[in-house]
Amino acid sequence: MESIIKRKKTRQISIGNVKVGGDAVISVQSMTNTRTSDIEATVSQIKGLEDAGCEIIRVAVPDMDAAGAVKEIKSAVSIPVIADVHFDYRLAIAAVKSGADGLRINPGNIGGEKKVQEVVKCAKDFQIPIRVGVNAGSLEKSLLKKYGTATPEAMVESALGKVGLLRDLDFHDIKISIKASDVHRTLAAYRLLSEKTDLPLHVGVTEAGALFPGVVKSSLGIGMLLAEGIGDTIRVSLTRDPVEEVRVGFEILKALEIRKHGVEIISCPTCGRCGIDLFSIVEKVEKALMKRPVPIKIAIMGCVVNGPGEAMEADIGIAGGDGTGILFRKGEVVKKFPQEKLVEVLLAEVEEHDKEA
Ligand code: SF4
């Protein structure tokens with residue numbers, strides 16, 4: 034897809050079979066919220082996320098059971114698994130030995146320089162990358178003292194200091210995240226970081242909140258950065274089923290015309306001319322086509338008079354009113370039928386479209 038966005042060229046790393054940075058597509062990732070040691074529940078959640086299009090998954094590794102579980106989880110899923118470790122370097126090493134495709138650590142809280150060295154040596158031996166993750170809420174005391182608070186400059190200094198530790202050990206398969214829970218600081222921190230490094234960036238607004246505010250914050254934070262060409266992989270963070278995070282991630286990429294993925298529904302807001310129960314029709318179509326990966330633009334419009342014309346760009350569309358349903362392609366009416374069959378006719382047409390694709 035031709036994009037007007039000029040993306041910053043970063044170094045490329047590989048997380049399992051997914052490339053991040055350079056000219057690789059901007060990938061969508063998420064994190065499980067099951068107990069990682071509950072292998073069945075974790076695998077089941079990852080499979081649901083794979084169906085939604087998730088390309089990289091991160092699991093929390095808070096104990097040795099979780100580190101050990103990575104092995105079985107990996108063998109049951111097909112996307113790369115990143116182990117998220119805090120405080121105990123032994124957990125990081127155990128997770129890598131269990132087959133994790135990547136590590137997410139904060140080198141500042143893993144137990145000192147020697148421990149960082151051991152983790153890095155292990156990652157090198159197993160040829161897996163490390164994400165250095167910095168959060169505004171957990172900056173070093175020395176930086177808080179220097180800057181007064183967790184400013185973007187303090188966050189960038191923290192991140193680059195930790196990256197320096199890894200690079201001093203001749204380790205370069207690194208990506209960085211530098212998240213705050215507010216949009217302004219997230220934007221400022223990533224902009225500054227992007228000026229100072231060519232390492233690939235994992236972009237997100239951390240702890241963005243419940244669905245509604247979380248979607249708005251993430252769309253603004255992630256979306257504005259991507260529009261400026263910053264970001265190589267994204268994670269939308271919501272207090273919600275992680276499947277929703279993946280859906281929102283793809284919606285951001287689709288809205289910016291960075292990637293195509295599955296169905297894009299164009300539906301009108303309805304007005305006094307609306308002749309059908311548009312809300313429930315859109316919901317039904319969305320649900321029926323949620324897992325379908327082939328890109329397609331579908332219009333669902335509230336009246337037969339203005340609907341097709343308003344949705345010229347859609348591949349396929351339906352509209353209804355006064356008992357009649359119509360099917361249109363690229364704004365041209367191709368068929369009329371009883372209004373009750375709107376959803377049925379649309380889904381059959383989508384199937385035909387897929388066969389031809
Ligand atoms: S498509 Fe028809 S019902 Fe929907 S907003 Fe436009 S005029 Fe109103």
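Sequence positions in the sequence shown follow the working numbering and run 34 to 390.
Note that beta-carbon positions come from the ideal geometry of N, C-alpha and C, so glycine has one too.
Remember, it's a predicted structure, so these values are computed and weren't measured experimentally.
Between Ile115 and Val383, the alpha-carbon positions lie close to 36 Å from each other.
Per DSSP, the beta bridge partners of Gly350 are Ala332, Phe361.
In terms of Cα proximity to Ile89, the closest of Ile333, Leu172, Gly135, Val216 is Gly135.
If only complete runs of 3 or more residues are kept, the segment 87 to 171 shows the beta strand (DSSP E) at 89 to 93, 114 to 117, 135 to 138, 163 to 168, in order along the chain. Assigned with DSSP and collapsed to three states, Lys369 falls in strand. When the Cα atoms are used, Asp203 and Cys301 turn out to be separated by approximately 55 Å. Across the set Asn142, Leu82, Tyr223, Arg325, the C-alpha of Tyr223 shows the shortest separation from the C-alpha of Asp265. In this structure, the CA atom of Leu311 is about 56 Å from the CA atom of Leu198.
Between the C-alpha atoms of Val92 and Gly358 there is a straight-line separation of about 47 Å.
Taking Gln372 as the centre and dropping the five residues before and after it, the same chain places the C-beta of Ile309, Gly353, Gly356, Thr357, Gly358 closer than 7 Å to its C-beta, in chain order. In the pairwise beta carbon analysis, the segment 135 to 151 is classified as touching the segment 118 to 125: at least three pairs are separated by under 8 Å.
The beta carbon of Glu343 is closer than 7 Å to those of Cys301, Met334 in its chain, skipping five residues each way along the sequence.
Contact between Ile349 and His386 holds, with the beta-carbon distance rounding to 6 Å and staying under 8 Å. Check the Cα spacing between Glu319 and each of Leu380, Glu346, Ala288: the tightest is with Leu380.
Remark: the C-beta of Cys301 is in contact range of ligand 1, defined as less than 7 Å to any heavy atom. With fewer than 16 other beta carbons inside 10 angstroms of its own, His217 counts as exposed. Judged by DSSP secondary structure, Met345 falls outside any alpha helix (DSSP H); it is assigned neither H nor E. Taking the Cβ of Gly353 as the reference point, every heavy atom of ligand 1 lies at 7 Å or farther away.
For Met188, the number of other beta carbons within 10 angstroms of its own is at least 16, and it is reported as buried. In terms of Cβ geometry, Ile38 and Ala260 form a close pair [threshold 8 Å].
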